[in-house]
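Before any comments, here is the structure.
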Amino acid sequence: RKEVEQDPGPFNVPEGATVAFNCTYSNSASQSFFWYRQDCRKEPKLLMSVYSSGNEDGRFTAQLNRASQYISLLIRDSKLSDSATYLCVLYGSSNTGKLIFGQGTTLQVKP
Amino acid sequence: GAGVSQSPSNKVTEKGKDVELRCDPISGHTALYWYRQSLGQGLEFLIYFQGNSAPDKSGLPSDRFSAERTGGSVSTLTIQRTQQEDSAVYLCASSSTGTGQFFGPGTRLTVL
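Below, the structure written as structure tokens:
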């Protein structure tokens with residue numbers, strides 16, 4: 060089983076739609092979780108950290124469910140500029156600093 | 518402030534040659550990471566530095582790959598006797614304690 064699993068998509072949605080991505084992870088000891096965004100042929104950029112209590116940044120909401128070992132990202136009022144690949148990321152274990160990346164979910168927002 | 522910088526941005530080399538890739542992390546970030554990403558693939562972890570030491574080298578694919586970091590800052594990734602399967606984008610990232618990692622723009626390596 061992969062350490063981090065994401066539905067690769069693509070998710071094709073119209074502008075203004077609400078879209079949600081889920082990601083599951085296998086290591087229950089994982090402590091820190093993030094969503095990154097990667098545009099085509101660009102480096103990943105940190106979108107937001109994910110906290111147990113859930114957190115929101117503008118149109119983006121991230122949630123963590125430790126019991127079920129999944130994290131989610133909700134994007135409201137999608138914009139064309141949201142089109143990208145969204146990577147679910149976590150620290151593999153407490154001391155190595157090694158980030159484990161999911162394969163990413165591709166989002167295409169259409170006019 | 519300046520982000521992570523990498524050089525060169527593109528490198529084309531012939532099979533069998535050695536290459537050196539450079540990473541300049543964000544000032545004050547103690548942790549530095551190297552990843553590579555092949556076309557259409559996810560990120561593959563290579564090596565992690567905390568200060569000048571490398572507690573995790575588990576991702577280096579072969580002994581042709583090595584990396585060092587001096588002065589707790591700049592890092593170089595060296596690939597000896599390059600092979601065509603080494604062609605990829607090599608990404609460097611840095612972080613401070615408890616933060617996510619911030620990536621440089623990458624070096625696109627093409628081995629002919």
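In order, the protein sequence lines correspond to chains A and B. Just so you know, we're using the working numbering here: the first sequence kicks off at 60 and counts up by one. Just so you know, we're using the working numbering here: the second sequence kicks off at 518 and counts up by one. Glycine is no exception: its CB is placed at the ideal position from the N, C-alpha and C atoms.
For residue i, which residues does DSSP report across the bridge?
{"i": "proline 73 of chain A", "result": "A:Lys169"}
{"i": "tyrosine 550 of chain B", "result": "B:Tyr565, B:Ala610"}
{"i": "glutamate 62 of chain A", "result": "According to DSSP, which records beta bridges pairwise, glutamate 62 of chain A is partnered with nothing at all."}
{"i": "valine 536 of chain B", "result": "B:Ile596"}
{"i": "glutamine 90 of chain A", "result": "Paired residues: none, contrary to the question."}
{"i": "arginine 625 of chain B", "result": "B:Asn527, B:Val606"}
{"i": "aspartate 573 of chain B", "result": "B:Tyr565"}
{"i": "arginine 96 of chain A", "result": "A:Lys104, A:Tyr145"}
{"i": "tyrosine 129 of chain A", "result": "A:Thr83, A:Asn124"}
{"i": "tyrosine 150 of chain A", "result": "A:Leu158"}
{"i": "arginine 581 of chain B", "result": "Looking at the DSSP assignment, arginine 581 of chain B forms no beta bridge with any residue, so it has no partner."}
{"i": "leucine 560 of chain B", "result": "B:Gln554"}
{"i": "arginine 586 of chain B", "result": "B:Ser592"}
For residue i, which residues in chain B fall below 9 Å Cβ to Cβ?
{"i": "glycine 68 of chain A", "result": "Going along chain B, no residue has its Cβ under 9 Å from glycine 68 of chain A, so there is no contact; the nearest lies around 14 Å."}
{"i": "lysine 157 of chain A", "result": "Tyr550, Phe562, Tyr565, Asp573, Ser575, Gly576"}
{"i": "glycine 75 of chain A", "result": "Within chain B, no residue comes near glycine 75 of chain A; the closest Cβ sits about 29 Å away, beyond 9 Å."}
Between the alpha carbons of residue i and residue j, how many angstroms are there, rounded?
{"i": "valine 63 of chain A", "j": "arginine 125 of chain A", "result": "14 Å"}
{"i": "leucine 548 of chain B", "j": "lysine 574 of chain B", "result": "Residue identity differs from the one stated: residue 548 of chain B is alanine in this sequence, not leucine. If I take the Cα positions, the gap works out to 14 Å."}
{"i": "lysine 61 of chain A", "j": "serine 592 of chain B", "result": "30 Å"}
{"i": "glutamine 97 of chain A", "j": "valine 628 of chain B", "result": "24 Å"}
{"i": "alanine 519 of chain B", "j": "glutamate 74 of chain A", "result": "34 Å"}
{"i": "serine 140 of chain A", "j": "valine 168 of chain A", "result": "8 Å"}
{"i": "glutamate 585 of chain B", "j": "glutamine 601 of chain B", "result": "23 Å"}
{"i": "glycine 68 of chain A", "j": "threonine 77 of chain A", "result": "15 Å"}
{"i": "threonine 83 of chain A", "j": "glycine 161 of chain A", "result": "9 Å"}
{"i": "serine 112 of chain A", "j": "leucine 560 of chain B", "result": "28 Å"}
{"i": "glycine 626 of chain B", "j": "tyrosine 607 of chain B", "result": "One detail in the question is off: residue 626 of chain B reads as leucine in this sequence, not glycine. Straight-line Cα distance between these residues: approximately 7 Å."}
{"i": "serine 544 of chain B", "j": "valine 521 of chain B", "result": "9 Å"}
{"i": "leucine 556 of chain B", "j": "alanine 143 of chain A", "result": "15 Å"}
{"i": "leucine 166 of chain A", "j": "threonine 120 of chain A", "result": "16 Å"}
{"i": "tyrosine 565 of chain B", "j": "serine 89 of chain A", "result": "18 Å"}
{"i": "tyrosine 552 of chain B", "j": "lysine 101 of chain A", "result": "14 Å"}
{"i": "asparagine 81 of chain A", "j": "glycine 588 of chain B", "result": "40 Å"}
{"i": "glutamine 65 of chain A", "j": "serine 91 of chain A", "result": "17 Å"}
{"i": "threonine 164 of chain A", "j": "alanine 571 of chain B", "result": "31 Å"}
{"i": "asparagine 86 of chain A", "j": "lysine 157 of chain A", "result": "13 Å"}
Whose Cβ in chain B lies nearer than 7 Å to the Cβ of residue i?
{"i": "glutamine 167 of chain A", "result": "Those do not exist, as glutamine 167 of chain A stays about 16 Å from chain B at its closest Cβ, beyond 7 Å."}
{"i": "glutamine 162 of chain A", "result": "Gly559"}
>> Closer than 7 Å between beta carbons: that is the criterion. Which residues of the stretch 561-589 of chain B meet it against chain A?
In response: Phe562, Tyr565, Gln567, Pro572, Asp573
> Contact between the stretch 613-627 of chain B and the stretch 564-582 of chain B: three or more CB pairs below 8 Å?
Replying inline: no
>> Against chain B, which members of the stretch 79-94 of chain A pass a CB distance test of less than 8 Å?
In response: Ser91, Phe93
> Would you call the stretch 590-600 of chain B and the stretch 535-543 of chain B touching, i.e. three or more CB-CB distances under 8 Å?
Replying inline: yes
> Which residues, taken in chain order from the stretch 103-125 of chain A, show a beta carbon closer than 8 Å to some beta carbon of chain D?
Replying inline: In summary, chain D is missing from the structure at hand, where the protein chains are A and B.
> Mind listing which residues of the stretch 594-627 of chain B have their C-beta closer than 7 Å to chain A's C-betas, in chain order?
Replying inline: Leu608, Gly617, Gln618, Phe619, Phe620, Gly621, Pro622, Gly623
> Is there contact here, the stretch 523-534 of chain B with the stretch 130-137 of chain A, by at least three beta-carbon pairs under 8 Å?
Replying inline: no
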